[in-house]
Every structure is written in C-alpha cells, then in structure tokens.
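Novice:
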Amino acid sequence: MAVLTETAAPTTAPADRRTARRRRMLQPRWMLIVALKALVSLAIVALALFPLAWMIISGFKIRTEVVSTPFQFFPEVWRWQNYTAILSDTAFLRTLAITGFGAVIFTAGSIAVNSMAAYAFARLEFAGKRYVWPLVLMTMFIPGMTILLTSFIVVTDLHMLDTLAVLIIPGMATAAHIFFVRQFYLNIPSSLEEAAVMDGCGRWGVYLRIFLPLSKAPFVVVGITSFMAYWNNFVWPVMTITSPELFQVQQYLAAFRGERASELGLLMAGSACAALPIIVLFLVFQRQIIANIKMAGLK
Numbered sequence: 101m102a103v104l105t106e107t108a109a110p111t112t113a114p115a116d117r118r119t120a121r122r123r124r125m126l127q128p129r130w131m132l133i134v135a136l137k138a139l140v141s142l143a144i145v146a147l148a149l150f151p152l153a154w155m156i157i158s159g160f161k162i163r164t165e166v167v168s169t170p171f172q173f174f175p176e177v178w179r180w181q182n183y184t185a186i187l188s189d190t191a192f193l194r195t196l197a198i199t200g201f202g203a204v205i206f207t208a209g210s211i212a213v214n215s216m217a218a219y220a221f222a223r224l225e226f227a228g229k230r231y232v233w234p235l236v237l238m239t240m241f242i243p244g245m246t247i248l249l250t251s252f253i254v255v256t257d258l259h260m261l262d263t264l265a266v267l268i269i270p271g272m273a274t275a276a277h278i279f280f281v282r283q284f285y286l287n288i289p290s291s292l293e294e295a296a297v298m299d300g301c302g303r304w305g306v307y308l309r310i311f312l313p314l315s316k317a318p319f320v321v322v323g324i325t326s327f328m329a330y331w332n333n334f335v336w337p338v339m340t341i342t343s344p345e346l347f348q349v350q351q352y353l354a355a356f357r358g359e360r361a362s363e364l365g366l367l368m369a370g371s372a373c374a375a376l377p378i379i380v381l382f383l384v385f386q387r388q389i390i391a392n393i394k395m396a397g398l399k
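If you want the numbering used here, it's the 1-based position in the sequence shown plus 100.
1. Applying the 10 Å Cβ sphere with the 16-neighbour rule, what's the burial state of I310?
2. Using the Cα positions of V236 and F221, report the straight-line distance between them to the nearest angstrom.
3. Is it the case that the Cβ atoms of P175 and F192 are separated by a distance below 8 Å?
4. Report the three-state DSSP secondary structure of N287 (helix, strand or coil).
5. For N214, collect the residues of the same chain with a Cβ closer than 7 Å to its Cβ; drop the 5 residues on either side in sequence, then sort them by chain order.
6. Per DSSP, what kind of secondary structure is F174 in: helix, strand or coil?
7. Taking C-beta to C-beta, are V349 and T199 nearer than 8 Å?
8. Taking 8 Å as the cut-off, does the stretch 138-147 touch the stretch 352-359 (at least 3 CB pairs, one atom from each stretch)?
9. Closest by CA to R177, which one among F171, E165, W304?
10. Check A273 in the structure and name its three-state DSSP category.
11. Beta-carbon separation of Y285 and F206 under 8 Å?
12. Provide the residue span of the alpha helix (DSSP H) that contains R309, from first to last.
13. Along the chain, which unbroken stretches of the alpha helix (DSSP H) at least 4 residues long are found entirely within the stretch 226-267?
14. Indicate whether the contact test is met: 3 or more Cβ pairs, each with one atom in the stretch 285-303 and one in the stretch 229-244, closer than 8 Å.
15. Alpha carbon to alpha carbon, what distance is there between I269 and A361?
16. By DSSP, does N182 sit in helix, in strand, or in coil?
17. Output yes or no for whether 8 Å exceeds the beta carbon distance between L267 and G202.
18. Can you have a look at F327 and say buried or exposed, based on whether 16 or more other CB atoms are within 10 angstroms of its CB?
19. Does the Cβ-Cβ distance between I186 and L308 come in under 8 Å?
20. Helix, strand or coil, according to DSSP, for L224 in the structure here?
21. Compute the Euclidean distance between the alpha carbons of Q283 and R129, then round it to the nearest angstrom.
22. Taking the C-alpha atoms as reference points, what is the distance between E363 and N182?
23. Measure the C-alpha to C-alpha separation of L376 and P151 and round it to an integer number of angstroms.
24. Out of M131, W180, V204, which has the shortest C-alpha to C-alpha gap to I378?
25. Check each candidate in I162, C373, A391 and name the one with the smallest Cα separation from I156.
26. How would you write the range of the alpha helix (DSSP H) that V163 sits in, first residue to last?
27. Shortest alpha-carbon distance to Q388 belongs to which of K316, F171, R117, M368?
28. Kindly indicate which residue of F173, A227, L248, I288 has the alpha-carbon position closest to the one of F78.
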C-alpha cells in the first residue's frame, strides 16, 4: 500500500494543484485583486501615452484650442489642413530627409564600431586590456553634459563645425553598447572560434564569418537605440550646426516654434510627424528589443 501511494502521488498532485488554483482564482477576493491590477496597469498605460496622444490630436486643432482654458482634449472641428500643410513644407521634408540620412549612417557606424570594440574586449588579448576595460566602463557613469564643452572645443579644432560629420562621428562609440555586445560575445562557444582558426581564418575572418552572422539580436538593440539617440538629439546640433540646410528635425521644430509661435496646431502636427519614425521602429522591433533587454538583465 505504501508503494502504491508513493507512485500515484506525482501523477495526481499537479492536477490537484491546478484545480485548487482555479478555485482560488474564482473567489471574489482574488477576482477583485486581478481587477485592481488591471485597472492600475491601464492607468499607467494611459499616463504614459497621454502626452503622445495629446500631441497627435493637437495637430488637428487651431491655436486657441491647443492653449484653451479649461483644458480641451479633442478639437471642435478636426482640421487635417495642419498635417497636409506641414507635409507640403519643403524645408520640413528636407530636414526629415537629412536627419534620416544621418541617422542611418550613424546607426550603421555605431553597430560596426561598437561590435568590433566588443569583439576585441571579449576575445582578444592585448597589452593593457585589464586597465583599458575599466576605463571604458567608467565613461558610462559620466554625464554627457559634463563633457559637452570639451567635445565642442575638440570638433572646433578639427574644423568639423557645420558639417554632417560633426553629428555622426563624435557619438558613434559608446561604452554601453560595447558592454552590451561584449556580454553577448562572451557567451559564444570558443569551440566555434577555434574551429575557424584551424580552418585558416585570422582574427578578422573569425569576426566576419563567425561573430558577425550571430550578432543579429544585439545589433537590433544597438541599432534602434542609436537611431533614436541621433533622431532625438537636440543640444549637440544646436551647438554645432548653423546652416539651415543641415538643420536636424528637433532643431527645425525648435526654430519653427520661435519663428511661428502662433501656429501651434502646425507645430504639433510637425512634432507628431517627427515622432512617427521612432514609433514605427519600436512597433516593428518591439519583440526583439524586449527579448534582448530581458536577456541582458538575466546575464
């Protein structure tokens, strides 16, 4: 009897636990807790999305409705003219095109530079590596604003002001991205690398043929964050760019606000259009971004 009891227990226990859990979840107290959690989650989502929704809807308003008191969320008449007018503005479209071109170059360069640095710190042995790596990590804790003036002096001495290069090159390498990709490279089996070396690959060949094809997951995160950093950058373009032909989108919107303050509906429509590429990128790659952030957190 004792043997029969011991063998039967493992097959029935999980089913019993599931049944007990279902019964517990049907109790009024648990249903109330679940409902409260859902309400809190919806409230947090609503608070997070409110500024974005207000900006998009304000693009359909006239100025008096945007700044009306008491607060007016929806317009009395939906005016599509604001969006058609801003999308017909050649200066705005040129700014979007220049910013998009710079963001793509910056993203590609950031992936290339940071992945090669990550490979060097993860797989190569060189003199001073144990001292250089902590210095690289230390830069993650230095606020960017503290070195803004120093960076401006350096690019001025290099005669890079008022060029697209001054927006792309200085921020291409970042310690956070190097650290993120390095953690991924540390988990690639060394047997793959050794097999490639035995087949005659040098270090450059190992990086190109083994590490690069396996790096899609971290590259998605590095690429998205780099694109967002470039697209949303405001302070650095204002300091280094003076030609309207090279204005970035955030810089253009700031100038628009100063010159045409009365056209708030048009400004909101322009801001909504400027945010659209970032929203689309996130919606397309949201699964990869969340999965890679979870992976990095677990490591």
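Backbone N, C-alpha and C fix where the C-beta goes; we use that ideal spot for every residue, glycine too.
Specialist: The structure says:
1. Buried, because 16 or more other Cβ atoms sit within 10 Å of the Cβ of I310.
2. 10 Å
3. no
4. Three-state result, N287: coil.
5. A273, T274, H277, I278, V281, V322
6. Of the three classes helix, strand and coil, the one that applies to F174 here is coil, per DSSP.
7. yes
8. When C-beta atoms of the stretch 352-359 are compared with those of the stretch 138-147, fewer than three pairs fall below 8 Å, so the two segments do not count as touching.
9. Reading the sequence as shown, one finds Val at residue 177 and not Arg. Of the listed residues, the one whose Cα sits closest to V177 is E165.
10. coil
11. Using a Cβ distance threshold of 8 Å, Y285 and F206 do not count as a contacting pair.
12. No alpha helix (DSSP H) contains R309, which DSSP labels as neither H nor E.
13. 229-238, 248-257
14. no
15. 33 Å
16. For N182, the three-state secondary structure derived from DSSP is helix.
17. yes
18. buried
19. Taking C-beta atoms as the reference points, I186 and L308 fail to come closer than 8 Å.
20. coil
21. Their backbone Cα atoms lie some 44 Å apart in a straight line.
22. 9 Å
23. 14 Å
24. V204
25. C373
26. A quick correction: the sequence has Arg, not Val, at residue 163. That run of the alpha helix (DSSP H) goes 163-166.
27. K316
28. The question about residue 78 has no answer here: the residues shown for the chain are numbered 101 through 399.
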